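Beneath this line is the structure, given in structure tokens, with notes to follow.
Residue numbers (our numbering): 24 to 624.
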């Protein structure tokens, strides 16, 4: 192949988005070991959930791919936290696993601007002119102006089934054997992380009558606004562990490679293995498990919440202790995978290596977990890599711009000591950066970056013009002496109830009606959040010189210890220290105000 502008290494969720975004601007090649694995869902066959759906909506608003693939292959959609406020409501889409990968391959392989190259990357060499050569194990030297490394769990990957291990990136796939070396040689600190997956069980061996059925929402939702044709076709289910499950695990912890000390990698705190749950939460007599179909006519179900690295013979016994799984047959056994990651604090906010300019990293190689986090990073790295290759100026996502900005800011300034998972609690001003307004917030930036077409931006602009027209109609028209907006602010009334009072609204679709209702019902909270954000942005430059952090009792214990050790000079620096929470920053601001008042009096 001739030289390209951007070379993307890896065809998982990060690699897909990197190639897709970069190809909107530049000439792209995608280097993969086996094209048949592109777009594969190695873990749960689902997209979205708390903190994650917001990322997917933002990727969609920026012209990304994941939301489109998820909607096209949806078999079950559900809005989580629907009874709570819009800041934490999250869409979760269950997908047909194989169809998702097939659809991803159709889109990527059919893209005229993306060249598919089969091979394994062995080295990264400077070409001496600001570009790079990706050297493959068969000796080819592939030239690119920029490179995106999206190696997932493959760098020196090892899978564990009990005390037995083998070199793999994930079940049945060879690892990336050599790519860690050039990163380490350049000075990157590599860490060892661990994650895992649950067993897959034959669906015809499960007694679904003993499971709690969870139906799809009758009115399906989608990331693109157009849910797929089968979005309500399948339910999911729940079961739970039993006392027998817990006893078997406790009696056989010596067969777990993690508890036996074989695994050195750090695992995810917020997605622990079933062994971890039983040990760490011994006071719980059961743990909920989610039974998810791999497709409408699948032969497998996925036991979400039952990740394990115990040996296969024990997995057989454990699964049969679950209600409805007494006769279960495991089709694919659970395993843990251990792999290399880079220290994300050695990257820029565009995920470019500070040590190897022109080399970008995205996805689990940066110490994150989850499809959604990977896709978001892929879009950022792919866009930035293309802009760098073309000599275009850098553009960054600020923390306040949304979940994507928080993800990048956390990785670069705080880093992680375990696989990082996005959660709504990580986002300080989540009422301002909801999943429903992602297009309003980010489509303009996507257009500036060359990711969103003029027609796509025009559709978003027209959508919110109609929402504003609806708001004006609610404020202008009155019923029984009260403005329509005042009626709608009542908790017990919906937009339909207000229309029943005689208020006439312009024609709005379901998404526009939702946007209108949120703006009216939460107007006071939104205004307060915006004022708080503005005050915090002003406060970021305040000096902390001379502050004795150990004497501020309202700080959390961790914040007192970290602040005393690092001695930040400004509030902005303090906010970027791992372990210093948003509440701790508020305490510092109160402390500074009290000091100022004391000096003035």
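Note that the Cβ used here is the ideal one computed from N, Cα and C, for glycine as well. Just so we're clear, the structure is a prediction, and the values are computed from it rather than from any experiment.
Reference residue i, options the options, closest by Cα
{"i": "residue 122", "options": "49, 468, 68, 521", "result": "68"}
{"i": "residue 142", "options": "290, 449, 59, 152", "result": "59"}
{"i": "residue 265", "options": "310, 273, 594", "result": "310"}
{"i": "residue 127", "options": "42, 180, 194", "result": "42"}
{"i": "residue 13", "options": "433, 114, 208", "result": "Residue 13 falls outside the range modelled here, since the chain spans only 24 to 624, and no answer is possible."}
{"i": "residue 155", "options": "567, 509, 224, 27", "result": "27"}
{"i": "residue 271", "options": "339, 254, 434", "result": "339"}
{"i": "residue 430", "options": "519, 66, 81", "result": "81"}
{"i": "residue 454", "options": "547, 482, 389", "result": "547"}
{"i": "residue 274", "options": "578, 248, 301", "result": "301"}
{"i": "residue 471", "options": "162, 380, 419", "result": "419"}
{"i": "residue 535", "options": "590, 518, 545, 227", "result": "518"}
{"i": "residue 228", "options": "158, 352, 205", "result": "352"}
Whole-angstrom distance between residue j and residue i, CA atom to CA atom
{"i": "residue 211", "j": "residue 362", "result": "15 Å"}
{"i": "residue 328", "j": "residue 294", "result": "8 Å"}
{"i": "residue 286", "j": "residue 217", "result": "8 Å"}
{"i": "residue 235", "j": "residue 415", "result": "54 Å"}
{"i": "residue 350", "j": "residue 356", "result": "16 Å"}
{"i": "residue 616", "j": "residue 563", "result": "14 Å"}
{"i": "residue 371", "j": "residue 377", "result": "6 Å"}
{"i": "residue 521", "j": "residue 587", "result": "55 Å"}
{"i": "residue 610", "j": "residue 598", "result": "11 Å"}
{"i": "residue 359", "j": "residue 147", "result": "29 Å"}
{"i": "residue 445", "j": "residue 502", "result": "44 Å"}
{"i": "residue 256", "j": "residue 100", "result": "9 Å"}
{"i": "residue 276", "j": "residue 299", "result": "10 Å"}
{"i": "residue 139", "j": "residue 103", "result": "38 Å"}
{"i": "residue 537", "j": "residue 367", "result": "37 Å"}
{"i": "residue 342", "j": "residue 62", "result": "29 Å"}
Residue i, buried or exposed, once every other Cβ within 10 Å from all chains shown has been counted against 16
{"i": "residue 576", "result": "exposed"}
{"i": "residue 304", "result": "exposed"}
{"i": "residue 169", "result": "buried"}
{"i": "residue 259", "result": "buried"}
{"i": "residue 432", "result": "buried"}
{"i": "residue 36", "result": "buried"}
{"i": "residue 251", "result": "buried"}
{"i": "residue 558", "result": "exposed"}
{"i": "residue 187", "result": "exposed"}
{"i": "residue 223", "result": "buried"}
{"i": "residue 542", "result": "buried"}
{"i": "residue 623", "result": "exposed"}
{"i": "residue 476", "result": "exposed"}
{"i": "residue 498", "result": "exposed"}
{"i": "residue 106", "result": "exposed"}
{"i": "residue 550", "result": "exposed"}
{"i": "residue 152", "result": "exposed"}
Same chain only: Cβ atoms within 6 Å of residue i, ignoring 5 sequence neighbours per side
{"i": "residue 87", "result": "40, 402"}
{"i": "residue 456", "result": "425"}
{"i": "residue 500", "result": "507, 526"}
{"i": "residue 96", "result": "118, 119, 122, 123, 126"}
{"i": "residue 601", "result": "437"}
{"i": "residue 65", "result": "193"}
{"i": "residue 160", "result": "143, 145"}
{"i": "residue 452", "result": "552, 556"}
{"i": "residue 496", "result": "528"}
Integer Cβ distance of residue i from residue j, believed to fall under 8 Å
{"i": "residue 185", "j": "residue 278", "result": "5 Å"}
{"i": "residue 110", "j": "residue 461", "result": "In fact, because the Cβ distance is near 13 Å, the residues do not count as touching under 8 Å."}
{"i": "residue 396", "j": "residue 383", "result": "At roughly 16 Å, the Cβ-Cβ gap does not stay under 8 Å, so residue 396 and residue 383 are not in contact."}
{"i": "residue 443", "j": "residue 391", "result": "5 Å"}
{"i": "residue 78", "j": "residue 434", "result": "At roughly 13 Å, the Cβ-Cβ gap does not stay under 8 Å, so residue 78 and residue 434 are not in contact."}
{"i": "residue 493", "j": "residue 524", "result": "With a Cβ gap of about 15 Å, residue 493 and residue 524 do not count as contacting."}
{"i": "residue 441", "j": "residue 289", "result": "5 Å"}
{"i": "residue 268", "j": "residue 345", "result": "7 Å"}
{"i": "residue 173", "j": "residue 32", "result": "6 Å"}
{"i": "residue 613", "j": "residue 582", "result": "Incorrect: roughly 13 Å between the Cβ atoms, too far for contact."}
{"i": "residue 262", "j": "residue 348", "result": "7 Å"}
{"i": "residue 98", "j": "residue 318", "result": "7 Å"}
{"i": "residue 330", "j": "residue 190", "result": "21 Å between Cβ atoms; not a contact."}
is_contact[residue i, chain B] using C-beta, thresh 8 Å
{"i": "residue 545", "result": "Checking the listed chains, one finds no chain B in this structure; it contains a single protein chain."}
8 Å CB neighbourhood of residue i in its chain, flanking five on each side removed
{"i": "residue 57", "result": "141, 196"}
{"i": "residue 593", "result": "563, 564, 565, 566, 567"}
Beta-carbon contacts of residue i that lie in its chain and below 7 Å, excluding the five residues immediately before and after
{"i": "residue 412", "result": "28, 29, 49, 168, 169"}
{"i": "residue 137", "result": "42, 46, 51, 53, 131"}
{"i": "residue 176", "result": "192, 193, 218, 360, 362, 387"}
{"i": "residue 70", "result": "79, 89, 93, 116, 118, 394, 395"}
{"i": "residue 422", "result": "428, 429, 432"}
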